[in-house]
Structures are given as structure tokens and as C-alpha cells.
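K.L.:
Following this message is one structure expressed as C-alpha cells.
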Amino acid sequence: MPITLSMLIIPPAILPWINHPLSAGFLLLMEMIMIILTAGLASMSFWYSYITFLIMVGGMLVLFMYMTSVASNEKFKFSWNITIMVMMIVLWMITMQMNDYWLQYNKIINTEEMSNTKPLFFSMNKFLNEPSFTLSIMIIIYLLITLIAVIKIININSGPMRHMN
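For this note's numbering, count along the sequence shown from 1 and bump the result up by 13.
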């Protein structure tokens, strides 16, 4: 868990050096996977993380289709400087985690403290209980109304931006 939390820092730190939309999309995908793994490990089940992943992948597909229709012939340039920088940061974080791991197990452990500690689980079921249930229903209704409004606004006759030959 701590290594996934520390890996959440890498994609936003690299974002200022990204100059191509596809690499920014890949960076967004990496960040999304790290957030979903962290949320899944913090909760009792991965269902909410799985639903979030599916929603984000759907959005990424829309962004990918838009970018291929706007800039379909643009070359993708791979930057080795950013790759080397990411590898150095990842290796540094892994060594820091390993140092913490070895220091933690070299300590003298008090058995009374071990018996009193209980595993800490965060439950996502609170979103579906009574106080926040109405808020969840309102968000669902709002998203449904927004979806219907977007469908009504779209002009089907105009078609896509790119014409197929």
C-alpha cells in the first residue's frame, strides 16, 4: 500500500514535460490505475474501483477517438529523458520502501501491541447507507438528466468531424 501511495506522485510530476496528447493520455491512464488500486486496497471490495475504471476507460476512448480524428497523421516522439527520469524516481522509491521494510522488521516487537491491533478496513458501504443515500440518488438523477440533455442537444444529421471515404 505505501508503494502505491508513493507512485501516485510520479504522473503529475511528469505532466509539465509532456508535449503530445497521446502521452498525456497514457499518463492519465497510469494515474488512474494507481488511484484505483489505492482505493481498492483501502476498501473491502474492488467493485467501486472496477466501476470507476470502466468509466475512466470509456472517457479515455472518447479522448482517443477525438485525437485520432483531429491529428491522425502526427508522429509520436518518444522522449528518453522522461523515461530515464521516471525509472530513477521509481528505483529511488522502491529502495526507500525496501529500507523501511528492513528497518521495520529489525525492531523489537512488543507482543501486547500486536494483540491489541486490529486490521483497519475502510468500508465504502457508507455511501449507500441512510445519510448519504439521498445524495447518491441525487447524483444519479443529475447524471441521467445531463445525459438526456446532451442527447437532445446533439444534431445527428451533422455527423462526425472526419468524413469516411
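Beta carbons: idealized from backbone N, C-alpha and C, even for Gly.
Thinking C-beta only, is E44 closer than 8 Å to P29?
P.N.:
Contact: no.
K.L.:
Look at the alpha carbon of P132 and the alpha carbon of M57, and state the distance between them as a whole number of angstroms.
P.N.:
Any reading at P132 needs caution, since the residue's pLDDT is 49, under 50, leaving its predicted position unreliable; the model's value is listed next. In a straight line, the C-alpha of P132 is about 11 Å away from that of M57.
K.L.:
Between L35 and M80, how many whole angstroms is the CB-CB distance? I'm expecting something under 8 Å.
P.N.:
Going by Cβ atoms, the distance from L35 to M80 rounds to 7 Å, so yes, they are a contact pair.
K.L.:
Have a look at H33 and F146 and give me their C-alpha separation to the nearest angstrom.
P.N.:
One C-alpha to the other measures close to 41 Å.
K.L.:
Can you find the residues in the same chain that come closer than 8 Å, C-beta to C-beta, to G38, ignoring five residues on each side of it along the sequence?
P.N.:
Closer than 8 Å at Cβ, skipping near neighbours: M73, L76, F77, M80.
K.L.:
Would you please verify whether the beta carbon of M43 is less than 8 Å from any beta carbon of chain B?
P.N.:
No chain B is present in this structure, which holds just one protein chain.
K.L.:
Over what stretch of residues does the alpha helix (DSSP H) that includes F59 continue unbroken?
P.N.:
Unbroken run through F59: none, as it is neither H nor E.
K.L.:
Can the beta-carbon of M103 be found closer than 8 Å to that of I27?
P.N.:
The amino acid at residue 103 is misidentified as Met; the sequence shows Val. In this structure, I27 does not lie closer than 8 Å to V103 by Cβ.
K.L.:
Around the Cβ of I49, are there at least 16 other Cβ atoms within 10 angstroms (buried) or fewer (exposed)?
P.N.:
With 16 or more other Cβ atoms within 10 Å, it is buried.
K.L.:
How would you write the range of the alpha helix (DSSP H) that S149 sits in, first residue to last?
P.N.:
Segment 143-166, the alpha helix (DSSP H) holding S149.
K.L.:
Which same chain residues end up closer than 7 Å to L40 when comparing Cβ atoms and leaving out the 5 residues on each side of it in sequence?
P.N.:
Cβ within range, chain order: P24, I27, L28, I31.
K.L.:
So for S92, helix, strand or coil by DSSP?
P.N.:
Three-state DSSP puts S92 in coil, outside helix and strand.
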